[in-house]
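Novice: Protein sequence lines, in the order shown, are assigned to chains A, B and C.
453 is the number that numbering that gives the first Met the number 0 gives to position 454 of the first sequence; each next residue is one higher, with no gaps.
120 is the number that numbering that gives the first Met the number 0 gives to position 121 of the second sequence; each next residue is one higher, with no gaps.
98 is the number that numbering that gives the first Met the number 0 gives to position 99 of the third sequence; each next residue is one higher, with no gaps.
Virtual Cβ for every residue (Gly too), placed ideally from N, Cα, C.
Here the structure is a predicted model, which is why all the values come from computation and not from measurement.
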Amino acid sequence: MNNCIVTKNLTKTFDNVVALDNINLKLTKGKLIALLGADGAGKTTFLRTIIGLICATNGTISTLGFNPIEDKEKIVNLVGYMPQKFGLYEDLTVEENLNLYSKLKNVKVNFDNLLEFTTLKPFKKRLAGKLSGGMKQKLGIACAIIGDPELLILDEPSVGVDPLSRIELLDLVKKTITDKTTVIWSSSYLDESYNFDLSIILDKGKVIFEGDTKTLGNNLVEFESKVINLMGGYIETPSRIAQNYHISDYKESCVVVAKNLSKRYGDFWAVKDNSFCIKKGEIFGLLGPNGAGKSTTFKMMCALIKPTSGEGFIQGVNVEKNPTKARSHLGYMAQKFSLYSRLSVYDNLDFFSGVYGLKGVEKKKRIDRILEIFSLEPYKNSLSFDLPLGFKQRLSLGCALIHEPSVLFLDEPTSGVDAIQRKEFWNHIRLLSKIGVSVLITTHFMDEARFCDNISLFYQGEIIALDTPSNLIQKAGARDMQEAFINLIKERK
Amino acid sequence: MIVFALIKKEFYQIIRDPSSILIAFVLPLIILVLYRYGVNLDTVKITLGIKNDDINPRISTLINSFDHSDYIKTRFFNSKEQMYKEIKNSKLKGAIIIPNDFTKNLLRNETSDVFVITDGSEANLANFVQSYTNSILNDWLYSSDFKYSLNSPLISPQIRFWYNQDINSHYFILPGSLAVTMNLIGMLLTALVISREWERGTIEAIYSTKITKLDFVLGKYIPYFTLGMLSFIFNVFLCIYVFRIPFLGSLLILFFVGGLYLFCCLGVGLLISSSYKEQFSSSQMALSFGLLPALMLSGLIYPISSMPKFFQLLTSILPPRYFITFIQSEFMAGTIAKIVLINSLFLSLLGVGLFFMVKRNINLRLESCKEV
Amino acid sequence: MQGSLTRIKALIKKEFLTIFKDPKNRSLIIIPPILQLFVFAQAITLEVRNIDISILDYSKTPSSRELISRFQNSRWFNRIYYPNTKEQLKEDIDLKKSQLGLIIENDFEKNINRRKTAQILVIADGRQTNSASIASSYVSNIIATYNLELEEKFDIKAPKINVVIRNWFNPNIEYKWFLTVSLIVMLALVLSLLLSALSIARERELGTFSQLSVSPLSNDEILISKTIPPLIVAFVSSIIITLIVAIVFKVPFLGSIFLYLISTLTSLFSIIGIGLFISSISYTQQQAILGVFAFQTPAVLLSGFVSPVEDMPLFFQYLSAINPIRYYMLINKGIYFKSMDAKTVFENLVPLILIAFLALFVARLSFKLKTEE
């Protein structure tokens, strides 16, 4: 009985959509396992099947020697599970959450210890909803490890987390477990696999790789291209988005300007004295840990919030004073999918083109072109809610580009999408920048940072570095952007 | 004990969310004030127009009767057309026309006509106009010197309103409205509590612990029952001590049956909540099917016995029906053993039935699996 | 200006799609109002039918039996119980076996024959004060008719007053007429309020609002585009319901169709103004629904539907001055039943328009404050 999880022909379908496709796995106990794959690849479904929250359509699964459907009561004693969104009660304090879960698992816990090494002690009395992103994750993990489970399942503990905090979270997990504990950690960041004993890569419900990540390559670029091959390969064709794309001929050198932008909430400076200039055709990256002030800067630049002091300009138009005019040059893609999910793909495009003042033949022409370029034609009449994540992201980009803006603001546009789609996405962006579109982008994928012309590194509301990616790497004495990021932030701490 | 941990958790959530306190204590206060001061079903004062064509000193006592009535406000007109126009424009609720041969006919021991026009578009006020004018005219006739041979009718009904001698509709509307309010509170509080756990993703974490179905269900029932009971006691206190509604029954029995009723209301709310995974759908359901029927089909204002058979049958599965019968009786007539027992029995049956339906709806999984 | 129109058109089109594209949503808009109209119209009446009565007849004479037979033949009464003692009669009423009690004393016939007044005690169950007073008025009517016959029989020469009643606009005072026409207003209220109150709150909760906010749409354009679709939907729905009331329930429509449409549109506009105000101060749909409820209950209770506004304490009369339902109820019924004249209608439309603009103005203000955060 050395196996933690054994599956045989495990298949799960939801209303004829295959979520898990004939999975055969034997996972030995005591390993750190990374479960990798894009959103919608089947990771969450697999994790839920392991503990019997949902049941397989076909095939069998055995968890720690038990059938998760029949013996759910026995399994729950041995398993710690953190669902997506962490399963925390946001209106309960840190302490109350821990208390609740220890009672639910019927174990006595030394809370002082637990709080101590999760570094949550100072926040003991704070509501979970008021914690910062990283802290919530720590609390979620703390709730899951109560009762020293034999099997610890964490669903996307690192989503939306910057590289530095990701490493801290994994260290935290490693410190709390024994040699016998099996950990399954799901993630859409492929690069995380380097820290695990074993990786399982899922794609469209199938296992496309199982084993030690290092056999796939020694660095991320190599590794990623291998994964893309496993997924069926990708041949880059020049993006046609740039053809027939007209941008206004704005003569000044800086298309987007931030002048001493600051935002203060009470005593707290979310952003302090931030200035930058984005030139025509430049891709400008905003990087930084969670809560560093990236989103606030973003929102001030779109005039969604009013700066405490300072000004923002798009093509020379003050965004605060004349938002309607400034925004007509702007294409915006929000962090979370924020199109109308109950409308069809076509209706969404139709709506956004109308909002940007397009009509008649021109409107139809543009919509058709977006549908064609992003291969959305077959989905034209489906609800955008039903689209796979990658297509949702294409649609978001399509809606942001429909009025041919000369400035693009992209807030974590690639989180959760798979490697191929990320490549496609950057293919479009690079070409757009070549014809003169200026791009402001935030991301947690450090490998994407190399596509930026300039990077502004944010920490605690201030810019701590602003340079080209290669200069930053050099300055930090690092091998790649990830290391540069970690080093530069650590220096500040 | 897992249940205690769940109850504690739910209590913290209640305390931190001002909306539940608002629902439990502020909303009923507003509703009671509205029913107490805004709604008046009996001593309605109606504006009537009078056109008198019979210029005769003998008629002045009749005019005085109308003028001094507590229920009627009079306005006198010289032109019929003007008066009719005022009815049309809803300035008058009715009109009385006394023809010029009125006293002449009475003096001849004959029958005199009086014309009464009501505004039928206000059906209930039209009924009031009819019965007010009828009784004022007849009382006047028997007390006047026209009726020398018989100064009161041969058979004279003496009407007594038991349990409510003053015929004050607030005495029955306010306790009755408690039933509607408790229904609303029970539902609004619980209709969202399970859907909310789905939407926030906490249900998954809870389901992957040692929790049992009973733990989960009791963990929802007990905290909201406690809150609902506090709200009920607060409501009863307002009714009796602030709005001075006479209470003849026993508080102990009132709270006991109130508890049974609350148990049913929470059951309905939790049943809705456990059937939907989205707060939007649950609140839609609660709003469209939970509230209006309780107001319209519970017998609070509209008598159940006058409904067609099918709808009478339908009302027998509505908990408010039993509670309204009980609470009105308990307030106005005191404790009547049989009324208490029968209504408690039905409420218990409904409550227990709902409890098991809620429990059946809880799966401890994210989907229902056929047991292998 | 041109661009503004195109933007507004696009947003309006989208609003319509969100309302009608989702079959679940569509059915929530269409089914409940019509279902409620039919159920309430069939089930509810203020008339008290099927009354059970307990009669304690101490007299047991032809006269008393004659009187009792009148109850047997009346369409209002259902069962007659004959208790033997006062205690039994009390129990019948206590336990709600019968709603009314009648005690005929043993000198009943003797008094009548001597042309003296015979008293009858009528006991009504005051726990249901409303139905009790209606039921007891039926008893009075039956007795009054019997009285007249007796006077005739005994050839008593006495003057009588014959009250000739004309119920204008509703000759038989059918409660159903009153109820269905009032329901037109109430169902329109629920629908227009729900549609408008959820519209901004939902976009905020689902995150699409930020996407709207970064588009060139101005706040005014958003507000205009959020007003028009619920207005049209609620307007069409009111017309359909009015048609059902007029055709299926055969309640005669007497007024001017033009005035009716104008006043419906204005009233809905005013309700939607309030709905958008609720929406603009809500972060979540749940808050919006609570807001809807907090507005709706007082608005209906203080509209004059349950009891006349003039009868309320002064404070509530002032409060109801800003209640759009009050005006809507008044003119809707006025035009429908009575062909109310245009002057009175416009007098009541003025406050509706004022309420609408005030609400939209406040909505616009809080809207701006919220986008700040």
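1. Looking only at its chain, what residues have a beta carbon closer than 6 Å to the beta carbon of A:ASP446, apart from the 5 residues adjacent to it on each side?
2. Counting only beta-carbon separations shorter than 9 Å, does A:PRO82 have a partner in chain B?
3. Check distances from the C-beta atoms of the segment 199-210 of chain C to those of chain A and list, in chain order, the residues that come in under 7 Å.
4. Would you call the CB atoms of C:LYS175 and C:ALA40 closer than 9 Å?
5. Using C-beta distances below 7 Å, list every residue in its chain close to C:PHE107, excluding the 5 sequence neighbours before and after it, in chain order.
6. Determine the direct distance from the alpha carbon of A:ILE372 to that of A:PRO387, and round the result to whole angstroms.
7. For the beta strand (DSSP E) that A:VAL354 lies in, which residues bound it at each end?
8. In the DSSP output, what is B:PHE114 paired with across the bridge?
9. Near A:LEU465, which residues of its chain fall below 6 Å by C-beta distance, leaving aside the five closest residues on each side in sequence?
10. Less than 9 Å separating the beta-carbons of A:SER157 and A:THR43?
11. Give me the Cα-Cα distance between C:SER181 and B:SER120, rounded to the nearest whole angstrom.
12. Going by DSSP, what residues sit across from B:PRO374 in a beta bridge?
13. Out of C:ARG126, C:LYS159, C:GLN98 and C:ASN110, state which residue places its alpha-carbon closest to the alpha-carbon of C:VAL138.
14. Give me the chain B residues within the contact set of C:GLN285, using Cβ-Cβ distance strictly less than 7 Å, ordered along the chain.
15. Which first and last residues belong to the alpha helix (DSSP H) in which A:SER469 is found?
16. What residues from chain B crowd round A:VAL78, counting only those whose CB sits closer than 8 Å?
17. Is A:MET300 closer than 9 Å to A:ILE313 when the C-beta atoms are compared?
18. Return the CA-CA distance between B:GLY37 and B:ILE172, expressed in angstroms with no decimal places.
19. Assign C:GLU372 to one of two classes, buried (16 or more other C-beta atoms within 10 Å of its C-beta) or exposed (fewer than that).
20. Are there 16 or more other CB atoms within 10 angstroms of the CB of A:VAL226, so buried, or fewer, so exposed?
21. Skipping 5 residues on each side, what residues in its chain have a beta carbon closer than 6 Å to that of A:ALA269?
22. Sorted by chain position, which residues of the same chain lie with C-beta nearer than 8 Å to B:GLU198's C-beta, five sequence neighbours on each side aside?
23. What are the start and end residues of the beta strand (DSSP E) that includes B:CYS264?
24. To the nearest angstrom, how far is it from the Cα of A:LYS104 to the Cα of B:GLY268?
25. Can C:LEU120 and C:GLN87 be called in contact, C-beta distance under 9 Å?
26. Excluding the 5 residues preceding and the 5 following A:ARG47 in the sequence, name in chain order all residues of the same chain whose CB lies nearer than 8 Å to its CB.
27. Indicate whether at least one CB of chain C lies closer than 9 Å to the CB of A:GLY389.
28. At the level of alpha carbons, what is the spacing between A:TYR89 and B:PHE3?
29. Assign A:SER247 to one of three DSSP states: helix, strand, or coil.
30. Report the three-state DSSP secondary structure of A:LEU400 (helix, strand or coil).
31. Using DSSP's beta-bridge definition, name the partner residues of A:ILE60.
32. Does the Cβ-Cβ distance between B:LEU136 and C:VAL162 come in under 9 Å?
33. Flag this pair as yes or no: are the beta carbons of C:GLN285 and C:LEU188 separated by less than 9 Å?
34. For B:PHE10 and B:PRO222, what's the separation of their Cα atoms in angstroms?
35. Nearest chain C C-beta to A:LEU342 closer than 9 Å, yes or no?
36. Name the two residues that bound the continuous beta strand (DSSP E) containing A:ASN273.
Specialist: In brief:
1. LEU219
2. yes
3. GLY206, THR207, SER209 and GLN210
4. yes
5. SER58, THR60, SER62, SER63 and ALA117
6. 17 Å
7. Here A:VAL354 belongs to no beta strand (DSSP E); instead the alpha helix (DSSP H) covers 344-354.
8. B:ILE96 and C:VAL163
9. SER455
10. no
11. 10 Å
12. As displayed, chain B neither begins before 0 nor continues past 371, which places residue 374 of chain B out of reach and without an answer.
13. C:GLN98
14. LEU191, GLN278 and SER282
15. 468-475
16. SER207
17. yes
18. 12 Å
19. No answer about C:GLU372 holds up, because its pLDDT of 46 lies below 50 and its placement is not dependable.
20. buried
21. LYS262, GLY292, THR295 and GLY460
22. LYS276, GLU277 and GLN278
23. Element bounds for B:CYS264: not the beta strand (DSSP E) but the alpha helix (DSSP H), 250-274.
24. 28 Å
25. no
26. ILE53
27. no
28. A small correction: the amino acid at residue 89 of chain A is Glu; Tyr does not occupy that position in the sequence shown. Each residue's Cα considered, the two are about 19 Å apart.
29. coil
30. helix
31. A:THR6
32. yes
33. no
34. 6 Å
35. yes
36. 267-278
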